[in-house]
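Student: Numbering (the numbering used here), first residue to last: 29 to 898. Below are the structure tokens for one structure; questions will follow.
So this is what it looks like as structure tokens:
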């Protein structure tokens, strides 16, 4: 319970993006960690555990490229546990062989990709295996020599004893069995013990003597003896006593690893960008193209203060500190017990399985601090360790160890009072995280995680399928290529497998479009290399964000000088310049996000240098007429897409003169009866031009195309050409209502009632569509001899999620004016019914739930809204 209360979903999943590969493959990674923990913990390991480890590691390798780096942390953590003196060498070798077999099968199933062949994992694995074999061989050889010497000495001593004659008959009787027992005891103490604990390196005689003395006289030793005991304890620590052996074994594995890596030193390594990024994060190297490209995404930056503050909001921060304090108390108890010479109590927290988890956590935390995206590795383990402060078993052990070692209590574990206290503490600790932070944000933001600009992506897909034949080669950025690969049958130069070193060179070629590629020779270079004549430009790959690392600074890091721009001059880039040229390049399609450029086969020499962008020059409509003419012929949403381009110039690029030119062209030539375009131009006059009179005219022109007169209410809703969806109509009506109420531009209150009656028609149609997944609308005939046409439209619930806030705001306003007309109450109830059918988990709905339901929102409501009603 405590684990999940500490667990913040926003840390583990990137909710603002599509599900990532690690979100799927991390399941198998956690299976690996759990199985390794069980193998180390149990004395008898069923073969099924090893089989499970084999398949989980295999699936992890197959589904996640980064899994090889994560698996390196597994085997290095195990190797460190072995170096600390734990008797896990046989289990370690078995686990290494399991990883080896699963790795070999994974590269076979994936046809030996260079990424898996050249990554660090196999070389670390082989280095540790060879090191273990070498040291096991010398250890066994040394042990045999010691045994032979001991046996010879014992035989000699026995013969000497039998030949002596004692008159007092007082001598030590040593049988053959006792001699072997003494030899075995010495061996056990010199090697590692059988309880997976590090050796204490006391000989058996001293241990027996210390235990005898403790039983006879349980008095504290004097100061002189205590100092000797501390010195002896420190001197006999496994790490101190065997530091040379540990150093030799560790350095040997590193040396073997370096020798193996030198074999492929001259080859391109597909994982080199990962190591380069780590070097940059550790201030060991400067940025190159790969590292700067990764650094452009916030997920690949170091763990930020903002994320630390988010972590502090939950109980993980406090509980992890408390766990470290409790762990330190465990260490004090262990040291105190060693000073007393007692070794009867078992410390489960110091067993090899738990120590493995600790080192695994250390590696994951280091990776998280370097690259914040890797918090998906560290935070679950942090939550796991933090949750131990609410473990009755953990606290109960600590209580008895402390009472015996420091309070000198001799009571056995028979009382119930301390158990009641411990369980009460655990219950409070389980409840506290929910009290401190309730995950309201996580519950309520599931709806807002839709991908942005999805409609622009769909428009591009529709246009490509209609105007470019299948099988053509297209070049675009990786995100664009990814969604087009899923929805079309074109060939793409780039794909998401950025780990491939050859593909990384292709990415650099793509970023030449954001640099200063020789203007007329550029298309020749691209066609000869990739046989592609279509370039899809993404606006976000052709504009500077103003940050230190942006698309232009990344393109300046391209290895080749072929497309390099002058550093001291801020000039146009290739992706900008092609939009205004209609000789070597033709603009076929544009919307607010994408541009499709065609490279003409004929090369007209034009390698003039790149100049500073002259906004006044390019605000002339003649630079856009060739594209607009093609647009009118091939694009059904031409006018709307021109307004989207104008909005991009205005808001994103800040080229106001160009935006005004395009808006004026659309208003004068392309308005017609297009509701979306008219409404867009009205918003332009409202928000940008501040001409509210003109905006009012255009708003009313759009509204009159979608609403009905009082006498026509109750029939089918009116359809438009081009099609306008129900959610969009609700949004348009809501915006118009805000405008006329705020500006006091309504004719009378009856006009507001008529608009709400029409909105109620859309609400009824939406409620009908939610039950039947379709609705009807009527298309008015434009010809006198033709009848009106009734069309059955498909409908999806997800469409309405975009207008939940608008529905909520209208409900609040209707509540305020319900006294003006009795029909407002009916419309209000209809709106609230639709909102409840959609979701309660929206900020406006949650904040005003008390108004709708006449009660305060409760803790249980969040759970019901999320798991039942949604």
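Think of the CB as a built atom: it goes at the ideal place given N, C-alpha and C, for glycine as much as any other residue.
(1) Could you check if residue 637 is buried or exposed, using at least 16 other CB atoms within 10 Å of its CB as the buried criterion?
(2) Out of 411, 897, 433, 402, point me to the one whose CA is closest to residue 364's CA.
(3) Does the contact criterion of 3 or more C-beta pairs under 8 Å hold for the stretch 128-136 versus the stretch 408-424?
(4) Grouping DSSP H, G and I as helix and E and B as strand, with all else coil, what is residue 566?
(5) Since residue 435 contacts residue 331 with CB under 8 Å, what's their CB separation in whole angstroms?
(6) With DSSP as the reference, please indicate the residues paired to residue 618 in a beta bridge.
(7) Report the three-state DSSP secondary structure of residue 10 (helix, strand or coil).
(8) Starting from residue 805, trace the alpha helix (DSSP H) both ways and give me its first and last residue.
(9) Can you tell me whether residue 756 is buried or exposed, with buried defined as 16 or more other CB within 10 angstroms of its CB?
(10) Taking the DSSP output, what are the residues bridged to residue 24?
(11) Taking the beta strand (DSSP E) that residue 820 belongs to, which residues open and close that run?
(12) Based on DSSP bridge pairs, tell me the residues matched to residue 519.
(13) Would you call residue 878 buried or exposed, if buried means 16 or more other Cβ atoms sit within 10 Å of its Cβ?
(14) Do you know offhand how far residue 720's Cα is from residue 771's?
(15) According to DSSP, simplified to helix, strand and coil, what is residue 751?
(16) Residue 52 and residue 91 - do their beta-carbons sit closer together than 8 Å?
(17) Going by the CB atoms, is the gap between residue 413 and residue 395 shorter than 8 Å?
(18) Give the DSSP-derived three-state secondary structure of residue 114 in the structure shown.
(19) Which of helix, strand or coil does DSSP assign to residue 613?
(20) Would residue 616 be called buried (16 or more neighbouring beta carbons within 10 Å of its own) or exposed?
(21) For the stretch 567-574 against the stretch 601-612, do three or more pairs of beta-carbon atoms, one drawn from each stretch, fall closer than 8 Å, so that the two count as touching?
(22) To the nearest angstrom, report how far apart residue 843 and residue 459 are at their CA atoms.
(23) Between residue 730 and residue 707, how many whole angstroms is the CB-CB distance? I'm expecting something under 8 Å.
(24) By a C-beta neighbour count over all protein chains shown, 10 Å radius and 16 as the cutoff for buried, is residue 138 buried or exposed?
(25) On the premise that residue 112 lies in contact with residue 383, defined as a C-beta separation below 8 Å, what is that separation, rounded to the nearest angstrom?
(26) What are the boundary residues of the alpha helix (DSSP H) that residue 431 is part of?
(27) Threshold first: 4 residues or longer. Then list the alpha helix (DSSP H) segments lying entirely within the stretch 355-417, N to C.
(28) Is the distance from the Cβ of residue 338 to the Cβ of residue 581 below 8 Å?
(29) For residue 735, which three-state DSSP category applies?
(30) Going by CA-CA distance only, name the one from 361, 104, 97, 60 that's closest to residue 87.
(31) Does the separation of the CB atoms of residue 399 and residue 284 fall below 8 Å?
(32) Compute the beta-carbon to beta-carbon distance between residue 647 and residue 599, rounded to the nearest angstrom, for a pair I have assumed lies under 8 Å.
(33) Bridge partners for residue 745 per DSSP, in chain order?
(34) Pull up the CB-CB distance for residue 876 and residue 840, whole angstroms please, since I reckon it's below 8 Å.
(35) Considering only residues of the same chain and omitting the five flanking positions on each side of residue 591, which have a CB-CB separation below 7 Å?
(36) For residue 177, does the count of other Cβ atoms within 10 angstroms reach 16, so buried, or fall short, so exposed?
Tutor: With the structure as the only source:
(1) The sequence position of residue 637 within the chain shown is 609, counting from 1. So residue 637 ends up on the exposed side.
(2) Residue numbering aside, residue 364 sits at position 336 when the chain shown is read from its first letter. Considering only alpha carbons, the answer is 433.
(3) no
(4) Here the question's residue 566 lines up with position 538 in the chain shown. Here residue 566 sits in strand by DSSP.
(5) Within the chain shown, residue 435 is the residue found at index 407, counting from 1. Within the chain shown, residue 331 is the residue found at index 303, counting from 1. Wrong, their Cβ atoms sit about 41 Å apart, outside the cutoff.
(6) On the chain shown, position 590 is the one that residue 618 refers to. Paired residues: 623.
(7) Since the first residue of the chain shown is 29 and the last is 898, residue 10 is not available in this structure.
(8) Numbered from 1 along the chain shown, position 777 holds the residue referred to as residue 805. Careful: residue 805 lies outside any alpha helix (DSSP H), inside the beta strand (DSSP E) at 802-807.
(9) Along the chain shown, read from residue 1 onward, the residue named residue 756 stands at position 728. Burial call: buried.
(10) With the chain covering only 29 through 898, there is no way to say anything about residue 24.
(11) Taking the chain shown and counting its residues from 1, the one referred to as residue 820 is at position 792. Here the beta strand (DSSP E) through residue 820 covers 817-822.
(12) As a first step, residue 519 is located in the chain shown; it is residue number 491 there, counting from the start. Per DSSP, 501.
(13) Residue 878 sits at position 850 when you count from the first residue of the chain shown. Counting Cβ neighbours within 10 Å, residue 878 comes out exposed, since fewer than 16 surround it.
(14) Locating residue 720 in the chain shown gives position 692, counting from the first residue. Locating residue 771 in the chain shown gives position 743, counting from the first residue. In a straight line, the C-alpha of residue 720 is about 8 Å away from that of residue 771.
(15) Along the chain shown, one-based indexing puts residue 751 at 723. DSSP places residue 751 in coil when its eight states are reduced to three.
(16) Residue 91 sits at position 63 when you count from the first residue of the chain shown. Residue 52 sits at position 24 when you count from the first residue of the chain shown. Result yes, Cβ atoms of residue 91 and residue 52 sit closer than 8 Å.
(17) Indexing the chain shown from 1 puts residue 395 at position 367. Indexing the chain shown from 1 puts residue 413 at position 385. Result no, Cβ atoms of residue 395 and residue 413 do not sit closer than 8 Å.
(18) Numbered from its first residue, the chain shown carries residue 114 at position 86. If DSSP states are grouped into helix, strand and coil, residue 114 belongs with coil.
(19) The residue you call residue 613 lines up with position 585 of the chain shown. Strand.
(20) As a position in the chain shown, residue 616 is number 588, starting the count at 1. Buried is the call here.
(21) yes
(22) Stepping through the chain shown from its first residue, residue 843 is reached at position 815. Stepping through the chain shown from its first residue, residue 459 is reached at position 431. Going by the C-alpha atoms only, they are around 38 Å apart.
(23) For the purposes of this step, residue 730 is identified with residue 702 of the chain shown, where counting begins at 1. For the purposes of this step, residue 707 is identified with residue 679 of the chain shown, where counting begins at 1. The Cβ separation is near 4 Å, so the contact holds.
(24) Taking the chain shown and counting its residues from 1, the one referred to as residue 138 is at position 110. Counting Cβ neighbours within 10 Å, residue 138 comes out exposed, since fewer than 16 surround it.
(25) For the purposes of this step, residue 383 is taken as residue 355 along the chain shown, with counting starting at 1. For the purposes of this step, residue 112 is taken as residue 84 along the chain shown, with counting starting at 1. Confirmed, Cβ separation roughly 7 Å.
(26) Residue mapping note: residue 431 aligns to position 403 of the chain shown, counting from 1. Unbroken alpha helix (DSSP H) run through residue 431: 420-433.
(27) 380-398, 403-414
(28) Sequence index remark: in the chain shown, residue 338 carries index 310 (1-based). Sequence index remark: in the chain shown, residue 581 carries index 553 (1-based). No; because the gap between Cβ atoms is not below 8 Å, this pair is not in contact.
(29) One-based indexing of the chain shown puts residue 735 at position 707. Here residue 735 sits in coil by DSSP.
(30) Residue numbering aside, residue 87 sits at position 59 when the chain shown is read from its first letter. Checking every option, the nearest Cα to that of residue 87 belongs to 60.
(31) Position 371 of the chain shown holds residue 399. Position 256 of the chain shown holds residue 284. No, these two residues do not count as a Cβ contact at 8 Å.
(32) Locating residue 647 in the chain shown gives position 619, where the first residue counts as 1. Locating residue 599 in the chain shown gives position 571, where the first residue counts as 1. Wrong, their Cβ atoms sit about 19 Å apart, outside the cutoff.
(33) Start at 1 with the first residue of the chain shown, and residue 745 comes out as number 717. In the DSSP output, where bridge partners are listed per residue, residue 745 has 805.
(34) Residue mapping note: residue 876 aligns to position 848 of the chain shown, counting from 1. Residue mapping note: residue 840 aligns to position 812 of the chain shown, counting from 1. With a Cβ gap of about 6 Å, residue 876 and residue 840 count as contacting.
(35) Position 563 of the chain shown, counted from the start, is the residue given in the question as residue 591. Contacts found: 540, 543, 544, 545.
(36) What you label residue 177 is simply residue 149 of the chain shown in a count that begins at 1. With fewer than 16 other Cβ atoms within 10 Å, it is exposed.
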